[in-house]
Structure formats: C-alpha cells, structure tokens
Amino acid sequence: MAPDWSEKRRHIMSQGQTAATTGLATDSARHAGTARVKRGMAEMLKGGVIMDVVTAEQARIAEDAGAVAVMALERVPADIRAQGGVARMSDPDMISEIIEAVSIPVMAKARIGHFVEAQVLQALGVDYVDESEVLTPADPHHHIDKWSFTVPFVCGATNLGEALRRLAEGAAMIRSKGEAGTGEVSNAVVHMRTIRAEIGRLAALPAEELYAAAKELRAPVELVAEVARLGRLPVVLFTAGGIATPADAALMMQLGADGVFVGSGIFKSGDPARRARAIVEATTMFNDPDVLVKVSRGLGEAMVGINVAELPSAARYADRGW
C-alpha cells in the first residue's frame, strides 16, 4: 500500500504546484489551485474508515483491518473526557513513530486556533491536520487560517454554516462532529441530517435569495452558490463522534456520509482488531443487511457509553468553535 499512497500523493501535489507557486497567478487562483490539490487528497479516502490510534501497534492493527488512514493522538476522546485537564497536540515522537509504522495516511490533531501546533504537525510530515474540538481550544474567537498551509485540514461542523465557514478558511475536508468519546451516535445522526437538510433547502432557493442565505449562514456567497449548484459540499463529508458498532457506521453511511471517523469505539472495546475489521466491512457494505448481520456477530463487549443527554453543556465538545 505504501507505493500506492505515496505515488498518488506526489501526483496530486504536483498538479497544484503551478497554481500555488507561480508569481503570475492571482491570490484567488493560488487558493483555487491549493484547494484542488488538498481536496483531491481527501477524495481518495471516500468510502473508508479513519481510526484513532495512540501507539504504533494500534496503527498497524488499524491498517491491517483496512483503515484508509489513522489519527495519531496521545489519548482517545473517551480518555480525554475521563481524565479531564488540558488536551493539547500529541508528542511529536509518538506521531513520528506512527508515521514510520504504517503506509496509509496519518492525521494528527491541533487545537482550534492554535496555528503553531499546525505548523509543527506540517513540519513533522503528517498527511492531514484535524483542527479539532476534542482538544482544548486555544482561541475562542478565531480558527486557523488554513490557506497559509500546504498540508490539508479536516474540520468539524454541526450545521451547514459552520461547514462553509471552515471551507472559507481553507479546510479541504469536513466531518460532522457528533459527540466524541461517548459511544453514543445520536449527535452524529443529528449533525449529518442537519447538514444534508440545509444543503437541500439551499439547492431549492432561487438565485436571488442566495445572498440572504449567505448572510444567514455567515459564509461567502460564492461558496453558498457553489453548494446550491452542486447540491452537496464541494469537499468530502465524513462523519464522526459516537460511532461504536458496525451498525452505527452503516447508519451514518446510509444517511449520506462519505466515510467514517472512529475514535474510542474500537480500542476501548473488548476485541479491537475484530471490531475494526467489522466496522470497515460495514462501512463498505453499508446497504447489505446480510453482511451487517455477519460482521456484527461475536465482537465482544462494546465500549462503555455515555448518554449525551446527561452531559452538561461545558462537557459537550461539539459546541466548541463557531
């Protein structure tokens, strides 16, 4: 798999070099070229599962199970919830060990607004940076200017306006937030349904009403018009937050997700390797109930869940960001 990913990455990056570097290009042309490159890299992950890992061994388990990428972090969201304190970017040595251990793309998290953590991750050579609400936000008012980076960013959203604002900042991939570290899929469902429904309403508007819609969404009218024309986001839309079973993954795919992030649901379960394989297969064969029955058998104990309705507002990661 290593030659495949490395070769694809080099090919996509080379396609964007002219637009990104030529002195004759306008700022908008450079942004457009950069966006094509970064979004193209994210497109290669469609239909797959991205797994949180905290060690090189877990990363190898994820790769062997068929994950399309791994997210390197020191603590899975369930442990961040349980232990509290300030959650920051992971140790560079740990991230480097995971990069060396696998041939699939490696992502890592930076705090919201902490552009220096993102600079460090880019210098480390990660394939994607997740500006993540799971970590303790560094800036309550500003997200990272992602246009100033060559590494692509994935960002979370609970609704269409939030997704469009992250795209305007340069995000190349969106994930519906859900509520990470709970093992409870309800918020993931709500956020995916909300984004999809708001896109549908936007697509039905006459052109003259898109300006008012852009004002309401607090997003650039050009992006709003593009989404209305396409009937979807112009980037890959994954789901995250609370996916713990193969059925959860299939549910989110049937609701319109392009792929699935799984955090605590795998390595906080009784048999991580088997559950990882089952979730990958369920994500691929999400419309086949017979396959879902087969992969749901004999998985051992699922992670201990948290009822999202009982979480105080201060403990809800999805509310972080704007």
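Oh and the sequence shown: position 79 is 79 in UniProt numbering, straight run, nothing missing.
Glycine included, C-beta positions come from ideal geometry on N, C-alpha and C.
CA nearest to the CA of residue i, picked from the options
{"i": "A197", "options": "G161, G181 and G183", "result": "G161"}
{"i": "A228", "options": "A240, A204 and E208", "result": "A204"}
{"i": "R88", "options": "S132, E43, G321 and K46", "result": "S132"}
{"i": "D290", "options": "I99, A247 and V126", "result": "A247"}
{"i": "W322", "options": "R275, D288 and N159", "result": "N159"}
{"i": "K46", "options": "A309, V280 and V308", "result": "V280"}
{"i": "G231", "options": "L217, A249, E208 and I195", "result": "I195"}
{"i": "W147", "options": "D130, P140 and A172", "result": "A172"}
{"i": "M71", "options": "M44, F261 and A257", "result": "F261"}
{"i": "A240", "options": "P92, D130 and H141", "result": "D130"}
{"i": "A35", "options": "G170, M94 and P206", "result": "G170"}
{"i": "D288", "options": "A249, V304, R275 and K215", "result": "A249"}
Local conformation of residue i per DSSP, three classes
{"i": "V304", "result": "coil"}
{"i": "A101", "result": "helix"}
{"i": "R297", "result": "coil"}
{"i": "M107", "result": "strand"}
{"i": "V291", "result": "helix"}
{"i": "E198", "result": "helix"}
{"i": "D130", "result": "strand"}
{"i": "R232", "result": "coil"}
{"i": "S148", "result": "helix"}
{"i": "L45", "result": "coil"}
{"i": "T26", "result": "Only weak support exists for where T26 lies, its pLDDT of 49 falling under 50; the coordinates are left without a value."}
{"i": "A69", "result": "strand"}
{"i": "A318", "result": "helix"}
{"i": "M285", "result": "coil"}
{"i": "T21", "result": "For T21, the predicted structure reports a pLDDT of 41, less than 50, and the residue's modelled location is therefore unreliable. A value from the coordinates is still provided. T21 falls in the helix class under three-state DSSP."}
{"i": "D139", "result": "coil"}
{"i": "I12", "result": "With a pLDDT of 49 at I12, under the threshold of 50, the modelled position of this residue cannot be trusted, and the question is left open."}
{"i": "A87", "result": "coil"}
{"i": "V190", "result": "helix"}
Rounded straight-line distance, which links the Cα of residue j to that of residue i
{"i": "C155", "j": "A278", "result": "26 Å"}
{"i": "I174", "j": "V235", "result": "7 Å"}
{"i": "I306", "j": "G183", "result": "7 Å"}
{"i": "I243", "j": "R75", "result": "17 Å"}
{"i": "A168", "j": "V37", "result": "16 Å"}
{"i": "G23", "j": "F149", "result": "Residue placement at G23 is poorly supported in this model, since its pLDDT is 42, which falls under 50; the coordinates are not used for a value here."}
{"i": "G200", "j": "E57", "result": "42 Å"}
{"i": "K177", "j": "A163", "result": "10 Å"}
{"i": "G300", "j": "D271", "result": "6 Å"}
{"i": "G181", "j": "D79", "result": "8 Å"}
{"i": "A219", "j": "A138", "result": "23 Å"}
{"i": "A69", "j": "I104", "result": "5 Å"}
{"i": "Y128", "j": "A282", "result": "24 Å"}
{"i": "T26", "j": "R166", "result": "Its pLDDT being 49, under 50, T26 is placed unreliably in this model, and the coordinates cannot settle the point."}
{"i": "L202", "j": "A108", "result": "33 Å"}
{"i": "L311", "j": "M44", "result": "35 Å"}
{"i": "A213", "j": "H141", "result": "23 Å"}
{"i": "T21", "j": "A157", "result": "Caution is warranted here: a pLDDT of 41 is assigned to T21, below 50, making its placement in the model unreliable, and the coordinate value is therefore given only provisionally. Rounded to whole angstroms, T21 to A157 spans 30 Å at the Cα level."}
{"i": "A309", "j": "L217", "result": "27 Å"}
{"i": "E100", "j": "E208", "result": "52 Å"}
Whether residue i touches residue j by CB criterion (7 Å)
{"i": "A318", "j": "E179", "result": "yes"}
{"i": "G263", "j": "F238", "result": "no"}
{"i": "A59", "j": "V102", "result": "yes"}
{"i": "I61", "j": "A273", "result": "yes"}
{"i": "L255", "j": "M192", "result": "yes"}
{"i": "A110", "j": "L121", "result": "yes"}
{"i": "L210", "j": "V224", "result": "yes"}
{"i": "V106", "j": "I112", "result": "no"}
{"i": "S96", "j": "L73", "result": "no"}
{"i": "M252", "j": "P152", "result": "no"}
Below 8 Å, can you find three or more Cβ-Cβ pairs linking the stretch 267 to 283 to the stretch 45 to 53?
Taking 8 Å as the limit for Cβ pairs, the verdict is that the stretch 45 to 53 does touch the stretch 267 to 283.
* To do: Evaluate the contact criterion for the stretch 73 to 92 versus the stretch 184 to 191: three or more CB pairs, one atom per stretch, below 8 Å.
  => Short answer: they don't touch.
Three or more C-beta pairs closer than 8 Å, one from the stretch 292 to 311 and one from the stretch 117 to 125: is that the case here?
Fewer than three beta-carbon pairs drawn from the stretch 292 to 311 and the stretch 117 to 125 are found closer than 8 Å, and the two stretches are therefore not classed as touching.
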